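Asker:
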Amino acid sequence: MSAAGHATSDADTGTFKGLRVTNTLSRAKEDFVPISDENVRMYVCGPTVYDFAHIGNARPVIVFDVLFRLLRHLYGTDHVTYARNITDVDDKINARALRDHPDLPLNEAIAKVTEKTTNQFHADIARLGCLEPTHEPRATAHIGGMVAMIEILIDKGNAYVAGGEVLFDTTSMTDYGCLSKRNLDEQKAGARIAVEAHKKNPGDFVLWKLSSDEEPGWESPWGRGRPGWHIECSVMSEHHLGKVFDIHGGGLDLIFPHHENEIAQSCCAHGTQKMSNYWMHNGFLQVEGRKMSKSEGNFFTIHELLDSENFGGRKWPGEVLRLAMLMTHYREPIDFSIKRLEEAERLLAKWPEPVATDAAPSEAFLEALNDDLNTVAAVQVLHQLAGEAAQSADKLAVYSASAAVLGVRPVTADMSALDIASIDARVAERLEQLKAKNWAEADRIRDSLAAEGIVLKDGKDAQTGERVTTWEVKR
């Protein structure tokens, strides 16, 4: 509970629809009951747009995209609000702007960096099969709200001005550390955190800092400056989802200090016991068994995996990257490896193309996802459904509806990269060989095309009765 410690005004009026999630706040698996069935609300921390998103950044985007899809199925498409922010004000952005565009005024240089990296992020995650969130607020559009929240925190005695900064007083919140289970006594001077002279306590964190003439800044009661990282998400989530909402998600690395500090700011400013009722965090990512880092030479952006041959000597389709991520439970550490990608690719090659349908997903499939988003079990059920899909239109519809909730589908071939005229010519040549009863040559052409992912289907023209052959790409 915050120092102001009032209970939330939001009443629990939602209903339980089978979904259970592991709540980091309680360290237990709980029934998910939203504040309201009419507006289920979720916030997930998005990218800081100073560089292209790496494959580790892709994991929470994919995980919470699946949760977004599942919530929309359970509560209705129009009854789920998903906000994922863009952090476009940060010292890393400033440094990248100065490095990449030293001849431009800083504001213009920053705009170039953030526009380029944001556009690339959108392009990358679209190829990973992710839906657009309901809202995608940018930090720079909410500076006024940040200033207003900081003023409230100062007035309530939760923040103070010192050394050219506004800082949050962590001792002013009685249960600071409730999410990470850290004790303030562990953060004594000289222990884990270097204490600046102007701080009252070693764990106090920045809400606002002054900017020099060469740095971006906004006017405030404390001088021209810029916000700290944590205050941004408190303000943007409240703006789009309210003072208390249902689910807050992100990577395990954000529990402390980012999410802990969000809770402190929001609860103290709003006088609530909670910021979010459920906190969900995905596990860390390794590459081929090692922590991903540039010094290890195993640091890969999403863009590199999709469009270069730097990982395993080839490009990887977004559909394969997505499924490979979902083949490990979201709370477990994931070893992102060539072997796992190849395994995902083999699975997708066996699955039929989904069809548009109003059918319901398989009950076994939903039961798996409802169990704390168990995508491992869900993929296993989907594989079984894929094997049965050819038996009837109804089974294909159930498979398709299930695949849509998971957001996976067979690899979509890049038709622009195909030499269609050449394929048509080889298909025609095979027909000629069949007419001439040159079976071996006809089979050779068929097998050659199959090796390239081109599958042939023989039939008869309905009017002439002549043999015809169509082809499609299966990759």
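Using the working numbering, read the sequence shown as starting at 942 and increasing by one per residue.
We put the beta carbon where it would ideally sit given N, CA and C, even for glycine.
Since the model is a prediction, treat every value here as computed from it, not as a measurement.
(1) Along the chain, where does the beta strand (DSSP E) that runs through residue 1023 open and close?
(2) Below 8 Å on the Cβ atoms is my contact criterion, and I expect residue 1101 with residue 1033 to pass it. Report the Cβ-Cβ distance as a whole number of Å.
(3) Return the CA-CA distance between residue 1247 and residue 1090, expressed in angstroms with no decimal places.
(4) Quick one: is residue 1056 near chain C, going by C-beta distance under 7 Å?
(5) Taking only runs of the beta strand (DSSP E) that begin and end inside the stretch 1226 to 1280, which ones reach a length of at least 3 residues, in chain order?
(6) Check whether the stretch 1005 to 1025 touches the stretch 1203 to 1212, taking contact to mean three or more Cβ pairs, one atom from each stretch, closer than 8 Å.
(7) Please report how far the alpha carbon of residue 1339 lies from the alpha carbon of residue 1065, in whole angstroms.
(8) Hey, how far is the Cα of residue 1041 from the Cα of residue 1050?
(9) Quick check on DSSP: helix, strand or coil for residue 1201?
(10) Identify whether residue 1123 lies in helix, strand or coil by the three-state DSSP scheme.
(11) Let's test the definition: count the other Cβ atoms within 10 Å of the Cβ of residue 1254 and tell me whether it reaches 16, buried, or not, exposed.
(12) Buried or exposed: residue 1048, going by 16 or more other Cβ atoms within 10 Å of its Cβ?
(13) If you draw a straight line from the C-alpha of residue 1408 to the C-alpha of residue 1368, how long is it?
(14) Alpha carbons only, please: which of 1175, 1382, 1223, 964 is nearest the one belonging to residue 999?
(15) Locate the alpha helix (DSSP H) running through residue 1323, then write down its first and last residues.
(16) Looking at residue 1401: is its Cβ nearer than 7 Å to the Cβ of residue 1411?
(17) How do the stretch 1186 to 1197 and the stretch 979 to 987 stand: do at least 3 beta-carbon pairs fall below 8 Å, yes or no?
(18) Would residue 1267 and residue 1316 be called neighbours here (beta carbons separated by less than 7 Å)?
(19) Please determine, among 1378, 1377, 1307, 1380, the residue with the shortest C-alpha to C-alpha distance to residue 1346.
(20) So, residue 1275 versus residue 994, is the Cβ gap smaller than 7 Å?
(21) So which of 1120, 1145, 1081, 1078 has the shortest CA-CA distance to residue 965?
(22) When burial is assigned at 16 or more other CB atoms within 10 Å of the CB, is residue 1082 buried or exposed?
(23) Return helix, strand or coil for residue 1212, following the three-state DSSP convention.
(24) Contact defined as beta carbons within less than 8 Å: I believe residue 1026 pairs with residue 1078. What is the distance between those atoms, to the nearest angstrom?
(25) Can the beta-carbon of residue 963 be found closer than 7 Å to that of residue 1313?
(26) Using a 10 Å radius around the Cβ and a threshold of 16 neighbouring Cβ atoms, would you call residue 1234 buried or exposed?
(27) Who are residue 1408's beta bridge partners in DSSP?
(28) Restricting to Cα atoms, I'd like to know which of 1221, 1239, 1288, 1232 is closest to residue 1270.
(29) Ordered along the chain, which non-local residues of its own chain (more than five positions away) have a Cβ less than 6 Å from that of residue 1139?
(30) Let's test the definition: count the other Cβ atoms within 10 Å of the Cβ of residue 957 and tell me whether it reaches 16, buried, or not, exposed.
(31) What number of angstroms, rounded off, separates the C-alpha of residue 1096 from the C-alpha of residue 1137?
(32) Let me check understanding here. Comparing Cα to Cα, which of 1311, 1112, 1165 lies closest to residue 961?
(33) Is the beta carbon of residue 1264 sitting closer than 7 Å to the one on residue 1351?
(34) Within the same chain, show all residues whose beta-carbon is closer than 6 Å to that of residue 1228, passing over the 5 residues directly before and after it, in chain order.
(35) DSSP three-state call for residue 1340: helix, strand or coil?
(36) Whole angstroms is fine: what's the gap from residue 1045's alpha carbon to residue 1061's?
Answerer: Reading it off the structure:
(1) By one-based count along the sequence shown, residue 1023 stands at place 82. Looking at the DSSP string, the run of the beta strand (DSSP E) that includes residue 1023 is 1021 to 1025.
(2) As a working mapping, residue 1101 is identified with position 160 in the sequence shown. As a working mapping, residue 1033 is identified with position 92 in the sequence shown. So it is not a contact: roughly 26 Å between Cβ atoms.
(3) Counted from its first residue, the sequence shown places residue 1247 at position 306. Counted from its first residue, the sequence shown places residue 1090 at position 149. Approximately 41 Å between the Cα atoms of the pair.
(4) In summary, chain C is missing from the structure at hand, where a single protein chain is found.
(5) 1226 to 1228, 1275 to 1277
(6) no
(7) Counted from its first residue, the sequence shown places residue 1339 at position 398. Counted from its first residue, the sequence shown places residue 1065 at position 124. Between residue 1339 and residue 1065, the C-alpha separation is close to 29 Å.
(8) By one-based count along the sequence shown, residue 1041 stands at place 100. By one-based count along the sequence shown, residue 1050 stands at place 109. Answer to the nearest angstrom: the Cα atoms are 8 Å apart.
(9) By one-based count along the sequence shown, residue 1201 stands at place 260. It is helical.
(10) Within the sequence shown, numbered from 1, the residue matching residue 1123 stands at position 182. Here residue 1123 sits in coil by DSSP.
(11) Locating residue 1254 in the sequence shown gives position 313, counting from the first residue. The residue in question, residue 1254, is exposed, as its Cβ has fewer than 16 Cβ neighbours within 10 Å.
(12) As a first step, residue 1048 is located in the sequence shown; it is residue number 107 there, counting from the start. Exposed, because fewer than 16 other Cβ atoms sit within 10 Å of the Cβ of residue 1048.
(13) Here residue 1408 refers to the residue found at position 467 when the sequence shown is read from its first residue. Here residue 1368 refers to the residue found at position 427 when the sequence shown is read from its first residue. Approximately 12 Å between the Cα atoms of the pair.
(14) Position 58 of the sequence shown, counted from the start, is the residue given in the question as residue 999. Ranking the options by Cα distance to residue 999, first place goes to 1223.
(15) For this step, residue 1323 is matched to residue 382 along the sequence shown. From DSSP, the alpha helix (DSSP H) with residue 1323 extends over 1316 to 1329.
(16) In the sequence shown, residue 1401 corresponds to position 460, counting from 1. In the sequence shown, residue 1411 corresponds to position 470, counting from 1. No. Outside cutoff.
(17) yes
(18) On the sequence shown, position 326 is the one that residue 1267 refers to. On the sequence shown, position 375 is the one that residue 1316 refers to. Their beta carbons are under 7 Å apart, which means residue 1267 touches residue 1316 by this criterion.
(19) The count along the sequence shown starts at 1 and reaches residue 1346 at position 405. Checking every option, the nearest Cα to that of residue 1346 belongs to 1307.
(20) The residue given as residue 1275 occupies position 334 in the sequence shown. The residue given as residue 994 occupies position 53 in the sequence shown. No, Cβ-Cβ distance for residue 1275 and residue 994 is not below 7 Å.
(21) As a first step, residue 965 must be located in the sequence shown, where it is residue number 24. Among 1120, 1145, 1081, 1078, the Cα nearest to that of residue 965 belongs to 1120.
(22) Looking up residue 1082 in the sequence shown gives position 141. Exposed, because fewer than 16 other Cβ atoms sit within 10 Å of the Cβ of residue 1082.
(23) For the purposes of this step, residue 1212 is taken as the residue at position 271 of the sequence shown. Of the three classes helix, strand and coil, the one that applies to residue 1212 here is coil, per DSSP.
(24) Numbered from 1 along the sequence shown, position 85 holds the residue referred to as residue 1026. Numbered from 1 along the sequence shown, position 137 holds the residue referred to as residue 1078. That belief holds up - the Cβ atoms of residue 1026 and residue 1078 are roughly 5 Å apart, short of 8 Å.
(25) Counted from its first residue, the sequence shown places residue 963 at position 22. Counted from its first residue, the sequence shown places residue 1313 at position 372. Yes, these two residues count as a Cβ contact at 7 Å.
(26) As a first step, residue 1234 is located in the sequence shown; it is residue number 293 there, counting from the start. With fewer than 16 other Cβ atoms within 10 Å, it is exposed.
(27) Position 467 of the sequence shown, counted from the first residue, corresponds to residue 1408. In DSSP, residue 1408 forms a bridge with 1401.
(28) Along the sequence shown, one-based indexing puts residue 1270 at 329. Residue 1221 is the option with its Cα nearest to residue 1270.
(29) Translated into the one-based positions of the sequence shown, residue 1139 becomes position 198. Same-chain partners within the cutoff: 1103, 1104.
(30) As a position in the sequence shown, residue 957 is number 16, starting the count at 1. Classification for residue 957: exposed.
(31) Position 155 of the sequence shown, counted from the start, is the residue given in the question as residue 1096. Position 196 of the sequence shown, counted from the start, is the residue given in the question as residue 1137. Straight-line Cα distance between these residues: approximately 23 Å.
(32) Taking the first residue of the sequence shown as position 1, residue 961 is located at position 20. If we check each option's Cα against that of residue 961, 1311 comes out closest.
(33) As a working mapping, residue 1264 is identified with position 323 in the sequence shown. As a working mapping, residue 1351 is identified with position 410 in the sequence shown. In this structure, residue 1351 does not lie closer than 7 Å to residue 1264 by Cβ.
(34) Translated into positions along the sequence shown, residue 1228 becomes position 287. These residues qualify, in order along the chain: 1239, 1277.
(35) Position 399 of the sequence shown, counted from the first residue, corresponds to residue 1340. Three-state result, residue 1340: helix.
(36) Taking the first residue of the sequence shown as position 1, residue 1045 is located at position 104. Taking the first residue of the sequence shown as position 1, residue 1061 is located at position 120. Computed Cα separation, rounded: 22 Å.
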